[in-house]
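Taken in order, these protein sequences are the chains called A and B.
If you're matching positions, the first sequence starts at 1382 in this note's numbering and goes up one per residue.
If you're matching positions, the second sequence starts at 32 in this note's numbering and goes up one per residue.
Just so you know, even glycine gets a beta-carbon here, dropped at the ideal spot from N, CA and C.
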Amino acid sequence: MTLKEIKKLLQAEVIYGIDKLEEEIQWAGGSDLMSDVLAFGKPGILLLTGLTNAQSIRTANIIDAKAIVYVRGKKPDKEGIKLAREKEIPILSTKYMMYTACGLLFSHGLPGVSKIQNNK
Amino acid sequence: MSTENGLSKRFEITGGDFGKAGEVSTKIKEILQEIGIDSTIIRRTAIATYEAEMNVVMYAKKAELTLHLTPTKISIRVYDDGPGIENIEVAMQEGFSTATDEMREMGFGAGLGLPNIKKNADRFKISSTPGKGTALDITIYLNQAGKK
Ligand SMILES: Nc1ncnc2c1ncn2[C@@H]1O[C@H](COP(=O)(O)OP(=O)(O)OP(=O)(O)O)[C@@H](O)[C@H]1O
Ligand SMILES: [Mg+2]
């Protein structure tokens, strides 16, 4: 799924990266907890989050995330946008809440990164 | 600073400074990218370094981080002069955390950082003296044949 399709599905606003909407996204994950993102994120992931501080973008950069979607109409501050531009990480903002945003993407075929661990 | 044995760089991390938290790891990632190291190795190094840096920001006053790169491996050492860790075995467990509400609001404090460093490193040593500080030694091999 391309970022352009994701933007359309989530009726999202592009905060940074209007020229990068052709990028293909393979999988996504949603969390406000960067600890989880660092431990379970995969390279190339689309990160959906409600956390808008600088760490959300730094974390995305560290794990090689492809783009960030902020949910519930949230947006990072100027400092965050500057960082996203420096690291060339596209940023979108959707009015949908986390559950709905993830559900929309998942039901349209974008898989998650979770692995079910059986405790053996 | 370049030496015959590779590249050595020293960074300082300031505790409590959430605005800057992650800058050193971001910088280290840039350096490794410029050198042209394999992206999987960079990612593992960056994640381990970032977790260590966040711990310094959250729990210690300040730390010195050194990056040492040789033709065979990347070494990251982080020495802080924070409160130290009472029981390392417990701290290494997934889910153990003494993070405050403020830290959780920042998106951290799930007790996953130290285990995640171990997971991403080929070799990981941690030692700590309560009241004095904590030292981490992270090694990632460049030639991954036969390694994880
Ligand atoms: N440098 C340090 N100095 C003092 N205590 C530390 C240090 N690093 C970790 N600890 C202690 O070990 C605990 C576990 O650390 P760990 O990084 O695994 O989890 P966390 O930092 O609490 O949460 P997360 O890393 O998931 O954001 C911390 O809550 C803290 O009590
Ligand atoms: Mg931690």
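Assumed close pair residue i, residue j - CB separation to whole angstroms, cut-off 8 Å
i	j	result
residue 143 of chain B	residue 1420 of chain A	5 Å
residue 1473 of chain A	residue 1408 of chain A	At roughly 16 Å, the Cβ-Cβ gap does not stay under 8 Å, so residue 1473 of chain A and residue 1408 of chain A are not in contact.
residue 104 of chain B	residue 170 of chain B	6 Å
residue 159 of chain B	residue 119 of chain B	6 Å
residue 63 of chain B	residue 78 of chain B	In fact, because the Cβ distance is near 12 Å, the residues do not count as touching under 8 Å.
residue 1406 of chain A	residue 1440 of chain A	Not confirmed; about 17 Å, so no contact.
Length of the line joining the Cα atoms of residue i and residue j
i	j	result
residue 56 of chain B	residue 50 of chain B	14 Å
residue 1479 of chain A	residue 116 of chain B	36 Å
residue 1493 of chain A	residue 1401 of chain A	22 Å
residue 1457 of chain A	residue 167 of chain B	32 Å
residue 1484 of chain A	residue 1446 of chain A	20 Å
residue 114 of chain B	residue 164 of chain B	6 Å
residue 177 of chain B	residue 97 of chain B	Confidence is the limiting factor: at residue 177 of chain B the pLDDT is only 45, short of 50, which leaves the residue's position unreliable, though a coordinate-based value still follows. The straight-line gap from Cα to Cα measures roughly 26 Å.
residue 127 of chain B	residue 156 of chain B	18 Å
residue 197 of chain B	residue 152 of chain B	Missing from the structure shown is residue 197 of chain B; chain B here goes from 32 to 179 and no further.
residue 43 of chain B	residue 83 of chain B	12 Å
residue 39 of chain B	residue 1443 of chain A	21 Å
residue 139 of chain B	residue 67 of chain B	30 Å
Residue i classed as buried or exposed, judged by whether at least 16 other C-beta atoms fall within 10 angstroms
i	result
residue 121 of chain B	exposed
residue 76 of chain B	buried
residue 1399 of chain A	exposed
residue 1389 of chain A	exposed
residue 1437 of chain A	buried
- Which residues, in chain order, does the stretch 35-58 of chain B contribute to contact with chain A at a C-beta distance below 9 Å? 49, 50, 51, 52, 53, 54, 56 and 57
- Is the stretch 1426-1436 of chain A touching the stretch 56-65 of chain B in the sense that three or more CB pairs, one from each, lie closer than 8 Å? no
- Taking any Cβ of chain A, which residues in the stretch 131-144 of chain B have a Cβ under 7 Å from it, in chain order? 137, 138, 139, 140, 141, 143 and 144
- Query: According to a CB-to-CB cut-off of less than 7 Å, which residues of the stretch 71-101 of chain B neighbour chain A?
  - Reply: 74, 77, 78, 81 and 82
- Message: With three or more C-beta pairs closer than 8 Å as the rule, is the stretch 78-95 of chain B touching the stretch 127-140 of chain B?
- Response: yes
- Task: Residues of the stretch 1396-1427 of chain A with a CB closer than 7 Å to any CB of chain B: list them in chain order, please.
- Result: 1413, 1414, 1415, 1416, 1417, 1419, 1420 and 1424
- Query: Listed from N- to C-terminal order along the chain, which residues in the stretch 1440-1470 of chain A have their beta-carbon within a distance smaller than 7 Å of any beta-carbon of chain B?
  - Reply: 1442, 1443, 1444 and 1445
- Interface residues of the stretch 146-174 of chain B facing chain A [CB-CB below 9 Å]: 146, 147 and 150
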